[in-house]
Every structure is written in structure tokens, then in C-alpha cells.
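Enquirer:
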Amino acid sequence: MYSKPNDYVKDAILTASPTQRLLMFLDRLEIDMKRAEMGFNDGNVQSRNDALIHAQEIVLHLRDSLRPDIWDGAIQLASVYGFIYSELVYANIRADRKRFDVANNLILQIITAWRGAAMQIQEEGASIGVA
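Per this note's numbering, the very first residue in the sequence shown carries number 4; after that it's consecutive.
(1) Could you compute how far the alpha carbon of Asp67 sits from the alpha carbon of Thr22?
(2) Answer yes if the region 18-32 comes into contact with the region 41-54, meaning at least three C-beta pairs across the two stretches below 8 angstroms, and no otherwise.
(3) Ala58 and Asp35 - do their beta-carbons sit closer together than 7 angstroms?
(4) Does the Cβ-Cβ distance between Phe1 and Ala94 come in under 7 angstroms?
(5) Could you tell me the boundaries of the alpha helix (DSSP H) in which Gly42 lies?
(6) Using beta-carbon positions only, say whether Glu33 and Ile114 come within less than 7 angstroms of one another.
(7) In whole angstroms, what is the alpha-carbon distance linking Tyr5 and Asp14?
(8) Between Leu80, Asp72 and Gly46, which lies nearest to Val62 when the distance is taken from Cα to Cα?
(9) Select from Ile73, Leu91, Glu126 and Gln123 the residue whose C-alpha is nearest the C-alpha of Glu40.
(10) State buried or exposed for Ile73, treating a residue as buried only when at least 16 other CB atoms are found within 10 Å of its CB.
Below you can see the structure in the form of C-alpha cells.
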């Protein structure tokens, strides 16, 4: 049995398939972006900061997990992730809602695309180009 709830989460992540892990990261990124948006709306700097820092970490992880050796689009998507990361950093440092909105819109499009690809890939039993 698990001694702490975090042990269960860690075990779930470690035993998940690459597709399942990607979806877990996307789910958490979506949560972080919603929390950051609430922080912007409420003027809660700490909440916004915490959510944006975690979102930045996830974006970097997503970028670093791309596999250009098995997917031709990985290099281009890595550039998009780099842009999103920069927008999130700037939005956080300058409390810039417009930069946040740009990043959030891109993230939502990417999440939608990855979820669609993951569903299709799971049906076909192939790999989605991430580690």
C-alpha cells in the first residue's frame, strides 16, 4: 500500500505509457493556466506566480520530451513551446495579461491537438513522438 498520497501519484506517472504521461502533463498544464487566470482576475500575485512557474516547468518538460528522431514536427513544436515559455515568463514578471492570453490561447490549441492525436494513436496503437 502507499504510505503517502504522493507515492500513488508518482507510481501512476512512472507506470503510465508515454501517451498517458503526456495527457497527465496537459491536464495539469490546463489547471495551472486556469489558476493563473484566476490570479490575474483576482489580483492574487502569489497564486498567479505559483501557477505560472509550474506551467513554465511543464512547458519546458513538454519541449524536452519531444522526439525529433521519430516525428518530423518535433523541432517546429519545440520552437512553439519556447515561445510559449518566454510569454509565460514575461507575463509573470510584468503581470502582463496580454502576454498571458497569447500563451494561453496557444496552449489551449496545443492541448486540443495533442488530445486528438492521443485518441487517434491509442486507437491505432502507435507512438505519438514523445518520450
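Using N, Cα and C, we set each Cβ at its ideal position, and we do this for glycine too.
Expert: Based on what the coordinates show:
(1) 15 angstroms
(2) no
(3) yes
(4) Residue coverage of the chain in this structure runs from 4 to 134, which leaves residue 1 outside it and unanswerable.
(5) Pro21 to Asp45
(6) yes
(7) Residue confidence for Tyr5 is low, a pLDDT of 49 falling below 50, so the modelled location carries little weight; the figure read from the coordinates is stated next. If I take the Cα positions, the gap works out to 9 angstroms.
(8) Leu80
(9) Leu91
(10) exposed
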